[in-house]
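Residue 31 is where the sequence shown starts when you use my numbering, and the numbers rise one by one after that.
Before any comments, here is the structure.
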Amino acid sequence: MKIIVVGKGGREHALVTALAESKSAPEVYCYPGSDAIFDVAKRLPGEVDDVESLVAAMVTEGIGLCVGGEESWLAKGLADQARAAGIPTWGPVAESAQLESSKEFAKEFMIRHEIPTGGYAVAGNAVEAKAAVAGYPTVLKFDGLAAGKGVVICNNESEVDAFLEEVFEDRRFGDGRVLVEEFLEGPEVSVIAAVADGEYQIFTPARDYKRLADGDQGLNTGGMGAVASRALVEPEVLADIEEKVIRPSVEGLVKDGLDFRGFLYAGLMMTNSGAKVLEYNCRFGDPEAQAVLPLVGGDLAAYLKKAAEGSIEESLISFDQSWSICLVMASAGYPSSSRNGDVVRGLDDLKDARVYHAGTKKNTDGDFVTNGGRVLAIVARGSDRESAREAVYTEAGHVGFDGAQQRSDIGKMHFD
Ligand code: AMP
Ligand code: GLY
């Protein structure tokens, strides 16, 4: 079987790797991919510049399964068009992908199906938004895809004004409204389920670390690391999350007639009054995928093919019970900017770790150099959290590049 993964980052590198390692040994392609990904996956022949030409190239190549990695392609109708062309697709149609692409759509869905989430108001301009702020801290969210940059936690009026100016005057994210949301506190957990027409299976829970610096200080990023394990949340807490969030979400999709075959990601805040949904995503998390997918055994390729055709066959995959920690290395200047061209050293010295590339390319000598904000993820496992931490930091000590930034408390913060 020929499978294509759509995307180009660390998550897609982890996806193509997990698919290539599947027992059924599929031929794995990627678009748009990256130099590191093309060490594992094939390039899709043909000229591609939009969803239509991508699907046409997939048909010509005889692709039998399309896996949506990046949300932007799903929001643009990748699944609608690929399925219309007869290619089973893992990742929802654009209508259902609004669970991620529109925060207002997601909130209305949660209210309708009584899924716990923070209170909110929607504002179409700065005056309405300011009137909706009930106290501090308050959370403001741009209602659309903003690559992780559209959410701010404001501690005072001037921070609110600064964000509203970016949204309504500078139009930094394009046209759209703003959600003013209740501030929630607690550790976060990402629960990702494979969902197909009302059936679902919950994958290993994970936690990602969004802030740049240790102790959750510094700017928000795309994710500086993640930790995953079945033991991350107590079994009764996971059962509660399933009962109150995952099952009603999956049933809600069916009730609303929203066609959904793909990963449904619930970003949860574990508050004193239980888990509350911060956001849905309609694809695997990044960097959660880099931590979780190395724990998946069996035949992920066969599993996703069946799931894309509408049935979840749990026996096709298994989950390793160990802990997995993913440590992200970012380039100088990230997240405000990023520096390209720094040579990555030590990749051949990694022994007991995987490396997934998020922002690298090969230079003319064939060496990997930095090419983006988040550069690499180093992933290691251990039978418990401490040994996974030791392994990932020891291995990461072999790898480096000028100006590299990494946290030292991945898998530690929020546990002690
Ligand atoms: P989102 O894109 O909605 O997941 O928001 C990105 C990040 O902002 C989340 O992972 C949280 O760390 C933080 N966040 C979002 N909503 C809230 C909230 N209501 N209260 C506190 N923090 C939040
Ligand atoms: N790790 C958060 C996300 O993938 O959106």
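Note that the Cβ used here is the ideal one computed from N, Cα and C, for glycine as well.
| message | Counting C-beta neighbours from all protein chains within 10 Å, is the total for D372 16 or more, i.e. buried, or is it exposed? | response | Translated into positions along the sequence shown, residue 372 becomes position 342. D372 should be labelled buried.
| task | Please determine, among G292, V307 and N250, the residue with the shortest C-alpha to C-alpha distance to P278. | result | The residue labelled residue 278 in the question sits at position 248 within the sequence shown. Residue V307 holds the alpha-carbon nearest to the alpha-carbon of P278 among G292, V307 and N250.
| Candidates E196, G116, V182 and I141: closest to V275 by CA position | In the sequence shown, counting from the first residue as 1, residue 275 sits at position 245. Taking only the C-alpha atoms, the option nearest V275 is I141.
| query | Does the beta-carbon distance from R384 to V429 come in below 8 angstroms? | reply | What you label residue 384 is simply residue 354 of the sequence shown in a count that begins at 1. What you label residue 429 is simply residue 399 of the sequence shown in a count that begins at 1. The criterion of a C-beta distance shorter than 8 angstroms is not satisfied by R384 and V429.
| Cα-Cα separation between A136 and T394, rounded to whole angstroms | As a position in the sequence shown, residue 136 is number 106, starting the count at 1. As a position in the sequence shown, residue 394 is number 364, starting the count at 1. Distance from the CA atom of A136 to the CA atom of T394, rounded to whole angstroms, is 46 angstroms.
| request: Please work out which residues of its chain come closer than 6 angstroms, Cβ to Cβ, to R202, disregarding the five sequence neighbours upstream and downstream, and give them in chain order. | output: The residue you call residue 202 lines up with position 172 of the sequence shown. These residues qualify, in order along the chain: E196.
| Sufficient close CB pairs (3 or more, under 8 angstroms) joining the stretch 357-367 to the stretch 332-344 | Flag = no, the stretch 357-367 and the stretch 332-344 do not touch.
| field | Residues near L242 in its chain [Cβ-Cβ closer than 6 angstroms; skip 5 each side] | value | Within the sequence shown, residue 242 is the residue found at index 212, counting from 1. Excluding its 5 nearest sequence neighbours in each direction, L242 has C-beta neighbours in its own chain below 6 angstroms: G248, L249 and T251, listed in chain order.
| task | Would you mind working out which of S131, A261, G216 and G282 sits nearest R207, comparing C-alpha positions? | result | Within the sequence shown, residue 207 is the residue found at index 177, counting from 1. Of all alpha-carbon atoms in S131, A261, G216 and G282, the one lying nearest the alpha-carbon of R207 is that of S131.
| Whole-angstrom distance between A269 and S345, CA atom to CA atom | Counted from its first residue, the sequence shown places residue 345 at position 315. Counted from its first residue, the sequence shown places residue 269 at position 239. Here the alpha carbons of A269 and S345 stand approximately 20 angstroms from one another.
| field | Closest by C-alpha distance to L380, when choosing among W353, A410, K392 and V405 | value | As a first step, residue 380 must be located in the sequence shown, where it is residue number 350. When only C-alpha atoms are compared, the closest one is A410.
| request: Kindly indicate which three-state DSSP category K38 falls into: helix, strand or coil? | output: In the sequence shown, residue 38 corresponds to position 8, counting from 1. DSSP places K38 in the coil class of the three-state scheme, outside both helix and strand.
| Rounded C-alpha distance that separates A256 from E51 | Taking the sequence shown and counting its residues from 1, one reaches residue 256 at position 226. Taking the sequence shown and counting its residues from 1, one reaches residue 51 at position 21. Rounded to whole angstroms, A256 to E51 spans 22 angstroms at the Cα level.
| Range covered by the beta strand (DSSP E) that runs through L262 | Here the question's residue 262 lines up with position 232 in the sequence shown. In the DSSP annotation of this structure, L262 is not part of any beta strand (DSSP E), being labelled neither H nor E.
| query | Exposed or buried, what is E211 when buried is set at 16 or more other beta-carbons lying within 10 Å of its beta-carbon? | reply | Position 181 of the sequence shown, counting from 1, holds the residue named residue 211. Buried, since its Cβ has 16 or more Cβ neighbours within 10 Å.
| query | If you draw a straight line from the C-alpha of Q231 to the C-alpha of D191, how long is it? | reply | As a working note, residue 231 is residue 201 in the sequence shown. As a working note, residue 191 is residue 161 in the sequence shown. One C-alpha to the other measures close to 42 angstroms.
| Who are R73's beta bridge partners in DSSP? | For the purposes of this step, residue 73 is taken as residue 43 along the sequence shown, with counting starting at 1. Residue pairing by DSSP puts R73 in a beta bridge opposite C60.
| Nearest residue (CA-CA) to G315, options V70, N302, G253 and V284 | Locating residue 315 in the sequence shown gives position 285, counting from the first residue. Just measuring C-alpha positions, the residue of V70, N302, G253 and V284 sitting nearest G315 is G253.
| query | To the nearest angstrom, how far is it from the Cα of H387 to the Cα of G39? | reply | Numbered from its first residue, the sequence shown carries residue 387 at position 357. Numbered from its first residue, the sequence shown carries residue 39 at position 9. Going by the C-alpha atoms only, they are around 7 angstroms apart.
| For S345, is the beta carbon positioned less than 7 angstroms from some heavy atom of the ligand GLY? | As a first step, residue 345 must be located in the sequence shown, where it is residue number 315. No, the beta carbon of S345 sits no closer than 7 angstroms to any heavy atom of the ligand GLY.
| said: Given the structure, does L214 come close to the ligand AMP, in the sense that its CB is under 7 angstroms from one of the ligand's heavy atoms? | reply: In the sequence shown, residue 214 corresponds to position 184, counting from 1. Correct: L214 has its Cβ closer than 7 angstroms to the ligand AMP.
| field | Where T234 falls, given that 16 or more other Cβ within 10 Å makes a residue buried | value | Residue numbering aside, residue 234 sits at position 204 when the sequence shown is read from its first letter. T234 is buried by the Cβ-count criterion.
| message | Let me make sure I understand the geometry here. Which of G165, Q128, G148 and F349 has the alpha-carbon closest to that of G174? | response | The count along the sequence shown starts at 1 and reaches residue 174 at position 144. Residue Q128 is the option with its Cα nearest to G174.
| Does the beta-carbon distance from G76 to V35 come in below 8 angstroms? | What you label residue 76 is simply residue 46 of the sequence shown in a count that begins at 1. What you label residue 35 is simply residue 5 of the sequence shown in a count that begins at 1. In this structure, the beta-carbon distance from G76 to V35 does not fall below 8 angstroms.
| Contact the stretch 145-156 vs the stretch 112-121: 3+ CB pairs below 8 angstroms | Taking one beta carbon from each stretch, the stretch 145-156 and the stretch 112-121 have fewer than 3 pairs nearer than 8 angstroms; the two do not touch.
| query | Can you tell me whether E425 is buried or exposed, with buried defined as 16 or more other CB within 10 angstroms of its CB? | reply | As a working mapping, residue 425 is identified with position 395 in the sequence shown. With a 10 Å radius around the Cβ and a threshold of 16 neighbouring Cβ atoms, E425 comes out buried.
| message | Would A124 and A105 be called neighbours here (beta carbons separated by less than 8 angstroms)? | response | Here residue 124 refers to the residue found at position 94 when the sequence shown is read from its first residue. Here residue 105 refers to the residue found at position 75 when the sequence shown is read from its first residue. Against a cut-off of 8 angstroms, the Cβ pair of A105 and A124 comes out as a contact.
| Do G297 and F139 have their CB atoms nearer than 8 angstroms? | For the purposes of this step, residue 297 is taken as residue 267 along the sequence shown, with counting starting at 1. For the purposes of this step, residue 139 is taken as residue 109 along the sequence shown, with counting starting at 1. No, the pair does not count as a contact, with Cβ atoms beyond the cut-off.
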